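Structure record follows, encoded as structure tokens.
Residue numbers (this note's numbering): 26 to 103.
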């Protein structure tokens, strides 16, 4: 019996943002700020972490890093 492969996360583009998926599980999202006076253009959320960035590739990188950290972080009390 073959082992099931772990699905590779991918980005899906949406209206006013992007979502980071692994199969049917949402790992993170990026939202576009519509206000012209906003300090940053993009806001991102991944797990319990959030932040903002001026460029889309920086926001994507932050989400991917946050997901990688939470995926590898050990439990505090096993």
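Ideal placement from N, C-alpha and C gives every residue a C-beta, glycine not left out. Small disclaimer: the values here were computed from a predicted structure and weren't measured.
Under the three-state DSSP convention, the category residue 54 falls into = strand
Just mark residue 50 as buried or exposed, buried being the case when its beta carbon has 16 or more other beta carbons within 10 Å.
-> exposed
Roughly how many angstroms separate the alpha carbons of residue 48 and residue 30, rounded to a whole number?
-> 11 Å
| request: Could you tell me the boundaries of the beta strand (DSSP E) in which residue 39 lies? | output: 35-39
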